[in-house]
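Numbering-wise, the UniProt record's numbering puts 36 at position 36 of the sequence shown, and it's gapless, one number per residue.
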Amino acid sequence: MNSIEERLWDYIDGNCSATERETIDLLLIESDEYRQKYLELLAFNREIAGIELEEPSMAFTYNVIEQIRTEHARQPLKAKVNQNIVKTIAGFFIVTLAALLIFIIFNINWKVTGTHVNSTPVKMPDIKNWLSGGILQAFLFLNTVLALFLLDGVLRKRIFTRQA
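Structure representation (structure tokens):
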């Protein structure tokens with residue numbers, strides 16, 4: 001595209017300033033080359049504006065979208081795990097556990113003899129006051145509801161796998 005066409009397209013599209021518009025108006029009046037090119041571009045612009053965009057039918061669009069949906073549904077939803085990250089984390093935990101074990105071994109008093117251990121007896125809290133009738137019933141009710149949720153989930157999973 002040459003500069004004449006670019007200037008005329010800006011003029012036709014209305015993308016030029018007022019001074020450029022006045023300059024192009026003068027050129028269209030005075031120059032046959034500008035006038036000829038302007039009429040060609042104007043006719044071409046009218047043809048483009050008159051063309052209707054072709055669109056596929058709604059059924060075709062729906063079928064394409066459904067096919068794409070089934071393609072994505074067939075692909076497994078597994079993400080690739082970088083093995084280097086897993087090995088690094090495992091190595092960190094192994095080194096940490098080894099360091100802890102070495103620390104414990106070095107801090108053991110190996111010179112202790114005898115089997116007598118002075119320990120104070122552990123006193124368990126009295127929970128009889130906490131387990132009143134209402135609290136026990138609420139606990140059993142909550143456990144029953146949770147068991148029913150678990151049973152429902154297991155049965156739904158079995159039914160779903162049989163249907164699929």
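Here a beta-carbon is modelled for each residue, glycine too, at the ideal position from N, C-alpha and C.
**Runs of alpha helix (DSSP H) wholly within the region 55-95 (minimum 4 residues, chain order)** = 58-74
**Asked** Do residue 42 and residue 34 come within 7 Å of each other at the CB atom, strictly closer than that value?
**Response** No; because the gap between Cβ atoms is not below 7 Å, this pair is not in contact.
**Prompt:** Helix, strand or coil: how does DSSP classify residue 52 here?
**Reply:** DSSP places residue 52 outside both helix and strand once states are collapsed to three, so it counts as coil.
**Prompt:** Which word fits residue 8, buried or exposed, when buried means at least 16 other C-beta atoms lie within 10 angstroms of its C-beta?
**Reply:** buried
**Asked** Any idea what DSSP makes of residue 112, helix, strand or coil?
**Response** coil
**Prompt:** Are the beta-carbon atoms of residue 16 and residue 25 separated by less than 7 Å?
**Reply:** no
**Prompt:** Can you tell me whether DSSP reads residue 145 as helix, strand or coil?
**Reply:** helix
**Asked** Is it true that the CB of residue 4 sits closer than 7 Å to the CB of residue 37?
**Response** In terms of Cβ geometry, residue 37 and residue 4 form a close pair [threshold 7 Å].
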